[in-house]
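K.L.:
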Amino acid sequence: GHDVVSLVYGRRPSSKGRLVEVEGNVLEGASVESAAKGCETIFHAAGKVSRDPKDAALLHSIHVDGTKTALDAAKKAGVRRAVVASTSGTVAVSKNPKPIPNEDFAAPMDLIGTWPYYRTKLFAEMAAFERNRDDFQVVCVNPSLLLGPGDLLGSSTGDVVDFLERRFPAIPGGGYSFVDARDAAKGFLLAAEHGLPGQRYLLAAQNLTIRAFCEKLSRISGVAMPALQMPKSPLLGILGAKVAEKVAERLNTKPLVDKVSAEMAQYFWYADSTKARTELGWEPRDPMDTLADTIEDLRARGVVWPAA
Numbered sequence: 030g031h032d033v034v035s036l037v038y039g040r041r042p043s044s045k046g047r048l049v050e051v052e053g054n055v056l057e058g059a060s061v062e063s064a065a066k067g068c069e070t071i072f073h074a075a076g077k078v079s080r081d082p083k084d085a086a087l088l089h090s091i092h093v094d095g096t097k098t099a100l101d102a103a104k105k106a107g108v109r110r111a112v113v114a115s116t117s118g119t120v121a122v123s124k125n126p127k128p129i130p131n132e133d134f135a136a137p138m139d140l141i142g143t144w145p146y147y148r149t150k151l152f153a154e155m156a157a158f159e160r161n162r163d164d165f166q167v168v169c170v171n172p173s174l175l176l177g178p179g180d181l182l183g184s185s186t187g188d189v190v191d192f193l194e195r196r197f198p199a200i201p202g203g204g205y206s207f208v209d210a211r212d213a214a215k216g217f218l219l220a221a222e223h224g225l226p227g228q229r230y231l232l233a234a235q236n237l238t239i240r241a242f243c244e245k246l247s248r249i250s251g252v253a254m255p256a257l258q259m260p261k262s263p264l265l266g267i268l269g270a271k272v273a274e275k276v277a278e279r280l281n282t283k284p285l286v287d288k289v290s291a292e293m294a295q296y297f298w299y300a301d302s303t304k305a306r307t308e309l310g311w312e313p314r315d316p317m318d319t320l321a322d323t324i325e326d327l328r329a330r331g332v333v334w335p336a337a
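Quick note on our numbering: the sequence shown kicks off at 30 and runs consecutively.
(1) Less than 8 Å separating the beta-carbons of L36 and A59?
(2) With DSSP as the reference, label E362 as helix, strand or coil.
(3) Check each candidate in V113, R47, G76 and name the one with the smallest Cα separation from T70.
(4) What does the Cβ neighbour count give for L174, buried or exposed, with the cut at 16 atoms within 10 Å?
(5) Is it a yes or a no for the stretch 234–242 touching the stretch 310–323, going by three-plus beta-carbon pairs under 8 Å?
(6) Whose CA, out of A99, A75, P42, lies closest to the CA of L88?
(7) With T238 as the anchor, note down where its beta strand (DSSP E) starts and where it stops.
(8) Roughly how many angstroms separate the alpha carbons of V189 and L246, rounded to a whole number?
(9) Taking the beta carbon of W334 as the centre, do at least 16 other beta carbons fall within 10 Å, making it buried, or is it exposed?
(10) Any contact of the stretch 193–200 with the stretch 90–110, i.e. 3+ C-beta pairs under 8 Å?
(11) Using 8 Å for Cβ pairs, my map puts V49 next to V55. What's the rounded Cβ distance?
(12) Taking D32 as the reference, which of R40, G53, E57, C68 has the closest Cα?
(13) Just checking my contact of L232 with A305 at CB under 8 Å: how many whole Å lie between their CB atoms?
(14) Just checking, does the stretch 220–234 make contact with the stretch 298–313 on the three C-beta pairs under 8 Å criterion?
(15) Mind listing, in chain order, the continuous alpha helix (DSSP H) runs of no fewer than 4 residues lying wholly within the stretch 91–134?
(16) In the DSSP output, what is S206 paired with across the bridge?
(17) Given a cut-off of 8 Å on the beta-carbon distance, is the pair T116 and N161 in contact?
(18) The ligand FAD and N161: does any heavy atom of the ligand fall closer than 7 Å to the residue's C-beta?
(19) For V190, which of helix, strand or coil comes out of DSSP?
(20) In whole angstroms, give me the CA-to-CA distance for R109 and K97.
(21) Going by C-alpha to C-alpha distance, which of A253, K288, S290, E308 sits closest to A336?
(22) In whole angstroms, what is the alpha-carbon distance linking L176 and N131?
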C-alpha cells in the first residue's frame, strides 16, 4: 500500500489510516505545494462536469488554469511524476461509428471546439504535456463515461438515471462508450507505475449504440425501452430539444433534454483501449456487471425508484 495525501476543497478534511486529507485549492499553488511535499506521484483529478455553455469560463479556470497551477506546484514540491485525469472525449468522438479513435487520432476540434467541457479538458492535456520533463514525468489517463456504484454527485450516471426514471423521450442515433469507475481507478494506478511519459491512455470497456445501451439497461432493470427512435441528425436533435425546452417553459417544468445533450447524443463516443490493455496490463470487468451494479446502487440509495 501507499501513504496517501488527498487535497480536498469545500469541506472539512479528515484522516483515516494511511489517508491524510488536507484542505486546498488547485488554483492556489501554495496549498498544492504544501500538500505535495514528500510525495513521489501526484494524481490530478480535480474538475467539473458540465454541459452548460454558461460554465465555459469556470471550466477553463478549473481545468486549464488548475492543471497548470497544480502541476507547477507539485514539481516545485519535488514530485517526480504526475498522472492527469482527462476524458476520452478529447479525441474519441466522431460523426461515424468507424474507425474507432485511439490515442493517435487528432482532436476533433470541429466538434469539441463548441463544447466547453471537452475543449477545456483538451487544453488541460496540452498544458500538462508541455510540462513533461525527464525530472517531472506526465501521463494522461482518458476514461470514457464512468459508471458503477458510488456516483454521489450524479456527474456521470445521469443518462442511466434518466432511463430508469423514464425521462428518455426517444433513443438518439449516436453511440456511447463506458467504463467501470473501479476499473478506471486501477487504470490510473497502472499508469502511475507503467505509463510512458508524455503519453495518454484511453480507458473504455465497451462501445455501444445508444439503442443497444438502452436495451441492456432495460434487460437488467425491467424498465421498458423508449418507443421512439430519433433520426441520425445532430440538427434535428437540437431542434427537438429546443421544442422540448419551449414546452417545458410553458408548463413551468424542467425539459426532458437540453439542446447540448441532444446534439452530443447524435455522435459516436467510441474509444479503442488497446494501448492501455497492452502497455499497462489493464483489464476491465464484464460491462454487464457494471450496468447491473450501477442500477443496484442508484436504487439502493434512493436516487431512482426501486424495482417494481
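Glycine residues also receive a C-beta, built at the ideal position from the N, C-alpha and C atoms.
P.N.:
Based on what the coordinates show:
(1) no
(2) Residue 362 cannot be examined here, being either before or after the span of the chain that is shown, 30 to 337.
(3) Residue nearest to T70 within the set V113, R47, G76 is V113 (criterion: CA-CA distance).
(4) buried
(5) A contact between stretches requires three or more CB pairs, one per stretch, nearer than 8 Å, and the stretch 234–242 meets this requirement with the stretch 310–323.
(6) Relative to the Cα of L88, the nearest Cα in the group A99, A75, P42 belongs to A75.
(7) Annotation: the continuous beta strand (DSSP E) that includes T238 extends over 235–238.
(8) 8 Å
(9) exposed
(10) no
(11) About 18 Å separates the two Cβ atoms, so there is no contact after all.
(12) The shortest Cα separation from D32 among R40, G53, E57, C68 belongs to C68.
(13) 6 Å
(14) yes
(15) 95–105
(16) N236
(17) no
(18) No copy of the ligand FAD appears in this structure; indeed no ligand is present at all.
(19) In the three-state DSSP reduction, V190 falls in the helix class (H, G or I).
(20) 16 Å
(21) A253
(22) 21 Å
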